[in-house]
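**Q** Have a look at the structure that comes next, please.
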Amino acid sequence: MKKQLIAFLSLLFAVLFVNAQPSFNAQTQVNSYNGPFRYGINLGWYDGSWDDFTTSNIAAGNPSLNIPGIGVTTLRPKVYEQFTETWGMNILNGRFQHFQSIGLAEHTLFVDLPVAAAHADNTKYQGCSESSRLYANMYEPIWDGGVNGTPVNENNYYAVYIYNLAQTYKNYVRFWEIVNEPDQDWGMYGWKDQTYTDSWWNNAPTACQLKNIYVPIYQYIRLLRISYEVIKSVDPSAYVTPGGIGYASFLDCLLRYTDNPTDGTVSASYPNFGGAYFDVLSFHSYPHLNMGSSNRNSDRASQMFGATINEFETVLANRGFNGITYPKKYLICTENNAPGKSIGGEWGGLAEQRNYIIKSFVTSHKKGLLQTQLYCLGNLEPYNTATNSFSVMGMYQDLHNIGPLWNGGAYLQKITDAGVAYKTTSQLLSGYTFNQTLTNALNLPATIDGAAYKNNAGENLYVLWAKTTANNSESASATFSIPLSADVTAHLYKYEWNFSASNTVTDQLKDNIALTGSPLFLKNNYSILDLPDDTTGNINPQLEFTYAVFPNPVTDKANLQVTVEKRTEISMQLFDISGKFLGEIISKRYIDSGMNQINLILPQQLSRGMYIFKIQVGFRSYPGKLLINK
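Rendered as structure tokens:
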């Protein structure tokens with residue numbers, strides 16, 4: 000009986016796990032992503048005065064502790080096996096739960112090195128100064144049908160690790176990024192084009208050329224294959240990506256070689272090129288490193304950022320990932336920024352950085368990226384004495400020694416101009432989606448750049464700036480009138496790059512908008528409408544009627560400012576976005592000629608969102624939109 004039970008259980012496990020290995024790959028399907036664009040940040044490590052709980056508080060903001068943030072909506076935390084072996088597989092659970100509690104989601108978890116000593120591959124490939132940094136036994140079978148209680152083969156150390164990791168964190172992680180910068184070669188081969196016979200366009204990278212992993216590229220593709228198959232078996236909705244690559248030539252290698260350890264060729268055991276094992280491409284971009292000495296400005300930097308995206312997309316399309324032969328892959332950027340100071344002759348500066356951040360986010364939206372993560376949350380050195388450009392990329396000034404863990408719970412951080420620009424962008428564009436049709440309708444001249452956006456309530460927003468063209472200067476100027484074809488109102492709300500700090504909103508006519516190298520944010524203002532000529536004969540044909548509702552967005556109380564030429568009757572009704580009547584805000588009252596101000600008390604039960612109001616003046620009515628922001 001006991002033997003029968005054991006046999007039954009073995010059969011049961013086999014049945015349960017027989018379908019664990021996915022029957023698809025990224026050459027046959029890529030799941031649609033329907034979430035909003037995410038504004039990300041690399042939290043970084045400063046000292047013991049901070050931890051991931053406290054740095055995430057100043058990234059996203061924590062209202063329960065009255066801690067302001069900078070509008071971050073997703074993170075890129077790191078994990079490696081040596082860490083989980085020491086502290087336990089569940090060590091990150093509390094952090095992810097905290098991230099979730101302050102509104103952070105859709106994280107990119109980068110699975111990095113080092114490997115636990117007992118699982119490390121100590122092979123030193125010919126000519127290399129260091130041993131492999133990957134796992135031993137990666138070419139053991141990935142699956143064993145549940146022989147030992149899991150669908151993966153316990154002798155394949157990495158398969159076990161990534162399986163347990165995915166099982167533990169599948170509810171928090173959307174993107175699994177496999178090893179940070181696997182194509183790091185210290186500038187020797189990755190940059191070379193096809194004209195170089197030793198370039199990666201013409202050869203497979205050797206172990207010694209890949210300085211972060213020290214293995215032939217076929218083994219990295221094997222790592223991707225294990226990652227993809229195992230993660231997808233645990234969570235089919237997850238996305239797998241190589242870890243923040245920098246070179247299009249390396250991407251081309253991933254798409255033309257298999258995980259065959261001999262030579263990367265196709266065989267029965269290795270049937271697919273590497274493109275089958277990732278559905279998202281993560282990349283890194285630091286334009287200041289390749290600026291040269293001329294034409295150095297934020298627009299050139301954002302153009303270089305866009306060119307990087309174009310180059311990767313071209314390689315993908317050329318290898319069949321064009322939506323026809325194979326499904327298209329999504330892109331995310333997990334490191335991006337410009338230095339807030341010029342160091343060692345490299346391009347940078349405070350205005351340069353803040354302008355670039357806004358412009359690169361706009362470029363991200365235009366190019367369809369799912370998220371862009373900046374490096375990093377805080378400066379790594381004091382600004383005045385910093386010696387490395389990567390040390391002055393923070394959204395906050397140097398964070399060392401000023402965290403709440405060493406200062407009695409006090410948060411002593413100071414935001415930088417870059418942080419203000421980041422927060423303004425995230426705050427104003429939250430809920431908006433890039434709209435190509437509206438952007439085309441702007442008909443921008445060569446001297447101006449920008450984009451148009453629309454939210455679910457039909458509200459329009461425009462980001463515009465004069466292109467910077469001078470070397471080492473952010474000075475630029477232009478004048479622009481938004482055409483009516485872009486669905487614009489005569490009056491606009493204008494927000495400058497520092498709105499998140501100043502809270503200043505001004506009225507701007509759609510014509511003759513003065514632009515500089517610093518982007519402006521402009522929203523349609525539906526609160527100011529001119530009365531058209533009256534043709535009913537019921538009221539004075541010359542009557543001029545204007546109104547403004549403020550503040551807009553509003554929490555619970557607002558004011559209506561009305562100007563009329565003569566004493567007249569007014570009423571005001573409120574509707575939801577579907578047109579359902581919600582109540583009378585003003586019930587038939589007379590107002591005198593000139594300017595009148597009326598306090599509006601809104602229904603307390605209104606939830607956050609867009610609403611429609613209608614003002615009745617005499618025999619005519621005028622619609623408008625009101626945003627409730629509770």
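In numbering that gives the first Met the number 0, the protein residues as written are 0 to 629.
Note that beta-carbon positions come from the ideal geometry of N, C-alpha and C, so glycine has one too.
In this text the structure is predicted, and so the values were computed from the model without any measurement.
#1: If distances are taken between C-alpha atoms only, which option among 456, 516, 444 comes closest to residue 474?
#2: Give the list of continuous alpha helix (DSSP H) stretches no shorter than 4 residues that lie fully inside the region 342–393.
#3: For the beta strand (DSSP E) that contains residue 588, what are its first and last residues?
#4: What are the boundary residues of the beta strand (DSSP E) that includes residue 223?
#5: So, do the region 410–429 and the region 441–450 have three or more beta carbon pairs nearer to each other than 8 angstroms?
#6: Going by CA-CA distance only, name the one from 315, 150, 301 that's closest to residue 361.
#7: Between 392, 156, 544, which lies nearest to residue 119 when the distance is taken from Cα to Cα?
#8: Work out the CA separation of residue 320 and residue 466 for me, nearest whole Å.
#9: Return the residue from the list 622, 575, 419 that minimises the CA-CA distance to residue 69.
#10: Along the chain, where does the beta strand (DSSP E) containing residue 571 start, and where does it finish?
#11: Can you name the start and end residues of the beta strand (DSSP E) that residue 615 belongs to?
#12: With DSSP as the reference, please indicate the residues paired to residue 423 in a beta bridge.
#13: If you draw a straight line from the alpha carbon of residue 132 to that of residue 213, how long is it in whole angstroms?
#14: Measure the alpha-carbon distance for residue 242 versus residue 75 and round it to whole angstroms.
#15: Rounded to whole angstroms, what is the Cα-Cα separation between residue 57 and residue 49?
#16: Identify, in the order they occur along the chain, each residue of the same chain with its Cβ nearer than 7 angstroms to the Cβ of residue 390, setting aside the five sequence neighbours on each side.
#17: Per DSSP, which residues does residue 494 bridge with? Please list them.
#18: How long is the line joining the alpha carbons of residue 325 and residue 275, rounded to whole angstroms?
#19: If I follow the unbroken alpha helix (DSSP H) through residue 297, where does it start and stop?
#20: Quick one: give me the first and last residue of the beta strand (DSSP E) that residue 445 is part of.
#21: Decide yes or no for the touch test of the region 305–321 against the region 271–291: beta carbon pairs closer than 8 angstroms, at least 3 of them.
#22: Quick one: Cα of residue 334 to Cα of residue 209, how far?
#23: Within a Cβ cutoff of 6 angstroms, which residues of the same chain sit near residue 293, ignoring the five residues on either side of it in sequence?
#24: Measuring only the C-alpha atoms, how far is residue 540 from residue 599?
#25: First and last residue of the alpha helix (DSSP H) that includes residue 465?
#26: Provide the residue(s) that pair with residue 211 in DSSP beta bridges, ordered along the chain.
#27: Rank 588, 479, 455 by C-alpha distance to the C-alpha of residue 626 and give the top, closest one.
#28: State the Cα-Cα distance for the pair residue 591 and residue 451, rounded to the nearest angstrom.
#29: Taking the continuous beta strand (DSSP E) assigned at residue 332, which residues delimit it?
#30: Tell me where the beta strand (DSSP E) around residue 160 begins and ends.
#31: Consider the Cβ of residue 523: report whether some Cβ of chain B lies at a distance smaller than 9 angstroms.
#32: Do residue 462 and residue 518 have their CB atoms nearer than 9 angstroms?
#33: Please confirm whether residue 134 and residue 160 have their CB atoms less than 9 angstroms apart.
#34: If you run the structure through DSSP and keep just helix, strand and coil, what is residue 112?
#35: If I measure Cβ to Cβ from residue 571 and keep anything under 8 angstroms in the same chain, skipping five residues before and after, which residues do I get?
#36: With a CB to CB cut of under 7 angstroms and the five nearest residues on each side skipped, what residues in its chain are close to residue 531?
**A** Working from what's here:
#1: 516
#2: 349–365
#3: 580–590
#4: Premise fails: residue 223 lies in the alpha helix (DSSP H), 216–233, not in any beta strand (DSSP E).
#5: no
#6: 301
#7: Closest option to residue 119, Cα to Cα, is 156.
#8: 33 angstroms
#9: 419
#10: 567–575
#11: 608–616
#12: DSSP, once it has assigned bridges, lists no residue as partnering residue 423.
#13: A direct Cα-Cα distance of roughly 6 angstroms separates residue 132 from residue 213.
#14: 11 angstroms
#15: 11 angstroms
#16: 378, 379, 380
#17: 520
#18: 9 angstroms
#19: 297–317
#20: Note, residue 445: premise wrong, no beta strand (DSSP E); not H, not E.
#21: yes
#22: 19 angstroms
#23: Within the same chain, residue 293 has close Cβ partners 470.
#24: With a pLDDT of 37 at residue 540, under the threshold of 50, the modelled position of this residue cannot be trusted, and the question is left open.
#25: Counting along the chain, residue 465 falls outside any alpha helix (DSSP H), though it belongs to the beta strand (DSSP E) covering 459–465.
#26: Beta-bridge pairing links residue 211 to no other residue.
#27: 455
#28: A straight-line Cα-Cα distance of about 40 angstroms links residue 591 and residue 451.
#29: 329–335
#30: For residue 160, there is no enclosing beta strand (DSSP E); the residue is found in the alpha helix (DSSP H) stretching over 156–168.
#31: No chain B is part of this structure, which consists of one protein chain only.
#32: Taking 9 angstroms as the Cβ cut-off, residue 462 and residue 518 qualify as a contacting pair.
#33: yes
#34: coil
#35: 559, 583, 584, 585, 599, 612, 613, 614, 615
#36: Bear in mind that a pLDDT of 37 at residue 531, under 50, signals an unreliable position, so the model cannot answer this.
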